[in-house]
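Novice:
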Amino acid sequence: MAYTYQYPRPSVTTDCIVITKESTPKVLLIERGGEPYKGCWAFPGGFLDMDETAEQCAMRELKEETGLDVTNIKQLGAYSKVDRDPRGRTITIAYLSTIDAPKAVTGLDDAAKAQWFPISDLPQLAFDHKEIMDDAIKLFNSMK
64 MAYTYQYPRP SVTTDCIVIT KESTPKVLLI ERGGEPYKGC WAFPGGFLDM DETAEQCAMR
124 ELKEETGLDV TNIKQLGAYS KVDRDPRGRT ITIAYLSTID APKAVTGLDD AAKAQWFPIS
184 DLPQLAFDHK EIMDDAIKLF NSMK
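This note's numbering applies: residue 64 is where the sequence shown begins, and numbers increase by one.
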């Protein structure tokens with residue numbers, strides 16, 4: 064007999080923030096290829112598969128959307144504002160990865176583009192990614 068759960072369940076996503084360790088640090092963003100926020104910049108990320116951990120999801124989505132492979136990620140936090148995603152109730156777990164310098168990336172899967180931006184000169188970000196970026200910069204600066 065299948066178990067039915069009486070409470071609504073939110074969707075879970077992950078986001079992967081990759082920042083370079085240069086004197087002028089850069090962050091990797093993707094231009095969203097689909098709605099919501101089509102054409103806007105965001106972190107590589109996506110929905111958690113049922114057979115993977117959040118860490119695996121973050122690294123998978125990063126590779127699927129940009130071609131970049133990372134192995135060192137640190138959990139930044141969970142973001143759960145009720146209206147953070149217009150598609151429905153979604154909680155994201157954000158991860159930070161640092162690398163020495165930008166690597167070649169390209170927009171893959173549902174990302175129209177992938178590009179490095181100086182953290183001091185970011186475009187407007189989709190969803191609540193500005194808030195997540197602020198937290199990522201604080202963690203990044205504390206790791207120096």
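Note that beta-carbon positions come from the ideal geometry of N, C-alpha and C, so glycine has one too.
Just so it is clear, the structure is predicted and the values come from calculations on it, not from any experiment.
Note the first and the last residue of the continuous beta strand (DSSP E) segment covering Phe180.
Specialist: Counting along the chain, the beta strand (DSSP E) containing Phe180 begins and ends at 174 to 181.
Novice: Compute the distance between the beta-carbons of Pro99 and Arg150, then report whether it is under 9 Å.
Specialist: Against a cut-off of 9 Å, the Cβ pair of Arg150 and Pro99 comes out as a contact.
Novice: Enumerate in chain order the residues of its own chain whose CB-to-CB distance from Ala164 is below 7 Å, with the five nearest sequence positions on each side excluded.
Specialist: Answer for Ala164: Thr83, Glu85, listed in chain order.
Novice: Please confirm if the region 179 to 194 is in contact with the region 116 to 134, defined as three or more CB-CB distances below 8 Å between the two stretches.
Specialist: No contact exists between the region 179 to 194 and the region 116 to 134.
Novice: Between the region 174 to 181 and the region 132 to 144, are three or more C-beta pairs nearer than 8 Å?
Specialist: No contact exists between the region 174 to 181 and the region 132 to 144.
Novice: Near Arg95, which residues of its chain fall below 8 Å by C-beta distance, leaving aside the five closest residues on each side in sequence?
Specialist: Result list for Arg95: Lys101, Gly102, Cys103, Trp104, Ala105, Asp173, Ala174, Ala175, Ala189, in chain order.
Novice: Can you tell which of Gly170, Leu139, Thr169 has the C-alpha that lies nearest to the C-alpha of Ser205?
Specialist: That would be Leu139, whose Cα lies nearest to the Cα of Ser205.
Novice: By how many angstroms is the C-alpha of Leu159 removed from the C-alpha of Thr153?
Specialist: Straight-line Cα distance between these residues: approximately 19 Å.
Novice: Go through its chain and collect everything with a Cβ distance to Thr129's Cβ below 6 Å, but skip five positions before and after it.
Specialist: Same-chain partners within the cutoff: Pro107, Val168, Ala177.
Novice: Helix, strand or coil, according to DSSP, for Arg95 in the structure here?
Specialist: Reduced to three states, the DSSP call for Arg95 is strand.
Novice: Hey, Thr77 and Glu124 are a contact pair by Cβ (cut 8 Å); roughly how many whole angstroms apart?
Specialist: About 6 Å separates the two Cβ atoms, so the contact holds.
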